[in-house]
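Trainee:
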Amino acid sequence: MSTTTQSNAAAKREAWGRLRKLPSGRWQVRYPGPDGTTYTARTDQDKPLTFLTKTDARTWLAGVQTKMARGLWEPPEEIAAKLEAELAVEQAQSLGFEEYSKRWLEMIRTEPNRSGKKRAVGTVRSYQGKVTGYLIPEFRNTPVREIDAARIKVMTDRLDQIPAPLNPNSKFNGITRPVLIVLMMILRQAARDGIIPAAPNVSVPRQESVRHDADHDAGEDVANPIQVEALYEAVPDQWAMAVLLAAWCQLRRGECLGLQRRDIEWHDDGSATCMCDVSSTPTPVATPT
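No gaps in the numbering here: position 269 of the sequence shown is 269 in full-length UniProt numbering, and each next residue is one more.
(1) Near residue 290, what residues of its chain come up, given a Cβ to Cβ distance below 7 Å and the 5 sequence neighbours on each side ignored?
(2) Would you report the Cα separation of T273 and G258, rounded to the nearest angstrom?
(3) I'd like the list of long-range same chain contacts for D44, defined as Cβ closer than 8 Å, with 5 residues on each side in sequence excluded.
(4) Please report how far the alpha carbon of E111 lies from the alpha carbon of L183, in whole angstroms.
(5) What do you reckon, are the CB atoms on V144 and A88 nearer than 8 Å?
(6) On the criterion of 16 or more Cβ atoms from any shown chain inside 10 Å, does E90 qualify as buried, or is it exposed?
(7) Would you kindly report the start and end of the unbroken alpha helix (DSSP H) that includes T43?
(8) Below 8 Å CB to CB, which residues in the same chain sit around E98 once its five sequence neighbours on both sides are set aside?
(9) Alpha carbon to alpha carbon, how far is K102 from R30? Give it in angstroms, no decimals.
(10) According to the Cβ coordinates, are A41 and L52 closer than 8 Å?
(11) With burial defined as no fewer than 16 other Cβ atoms inside 10 Å of the residue's Cβ, what is the status of L72: buried or exposed?
(12) Taking the alpha carbon of V222 as the point to measure from, which residue in V243, E233, I196 and D237 has its own alpha carbon closest?
(13) Between S115, P32 and G96, which lies nearest to A69 when the distance is taken from Cα to Cα?
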């Protein structure tokens with residue numbers, strides 16, 4: 001075969017793509033994609049790719065042509081985007097609970113809920129108290145994906161041992177249930193974020209009374225007249241009126257504590273009228289003589 005024939009054969013082998021020797025001595029590959037765009041060889045991370053020898057360049061080019069023939073070829077930028085997404089998921093799946101729960105708190109503080117309304121400051125503060133007071137000390141840097149039903153059971157058993165502040169003898173402490181609710185909110189969001197496949201199948205117990213047991217007599221909740229009188233005599237003078245207002249006028253604690261001297265007008269017959277500016281419709285309240 002003559003030299004001219006050999007050159008023509010080489011040109012045919014490279015007719016689909018182009019090989020170019022760079023000033024550095026390495027070889028660059030360019031080829032047409034199925035979309036009509038001319039591509040330059042790049043790595044899976046979408047970085048420039050060159051070859052030490054012409055043979056290496058031709059081998060790589062042949063591999064690209066084979067992928068196209070089989071319908072397996074993808075643009076370099078799409079491959080890089082997929083790898084980046086996979087890496088992000090992998091990193092997210094190894095995310096510790098403490099870091100993720102703080103992200104969750106920031107999300108609920110700044111983003112609206114499903115109804116499109118911003119959460120109240122008190123609601124966010126309540127959630128934050130559960131997270132920082134109970135959940136982070138419990139899980140710390142445990143990967144979110146490792147928090148399963150069994151691990152949650154360990155937490156709830158531990159929380160159940162905390163005495164109820166209002167009634168140490170109660171079977172329920174009013175702590176376990178709200179903490180568990182917040183934890184499940186976090187884990188359901190983690191599932192939506194793709195960090196875990198799904199939130200653990202954990203049922204939240206129903207609300208139970210903390211103050212009283214099941215056999216408690218509701219009548220014991222109300223002080224009788226003798227007890228009211230005893231309490232009135234026992235408290236300091238500046239609070240004595242609050243006892244009478246709460247017992248006989250049905251005022252709630254906040255209403256009693258919010259009263260000012262100027263709100264009450266005493267009458268000669270021993271009665272009094274209470275007029276509070278905080279109400280749009282002031283209501284006279286008579287006190288006993």
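Note that the Cβ used here is the ideal one computed from N, Cα and C, for glycine as well.
Mentor: If we stick to the structure as given:
(1) No answer is possible for residue 290: it lies beyond the span of the chain, which begins at 1 and ends at 289.
(2) 15 Å
(3) P76, I79, A80 and L83
(4) 19 Å
(5) no
(6) exposed
(7) First-last for T43: undefined, no H or E at that position.
(8) I136, F139, R140 and N141
(9) 48 Å
(10) no
(11) exposed
(12) V243
(13) P32
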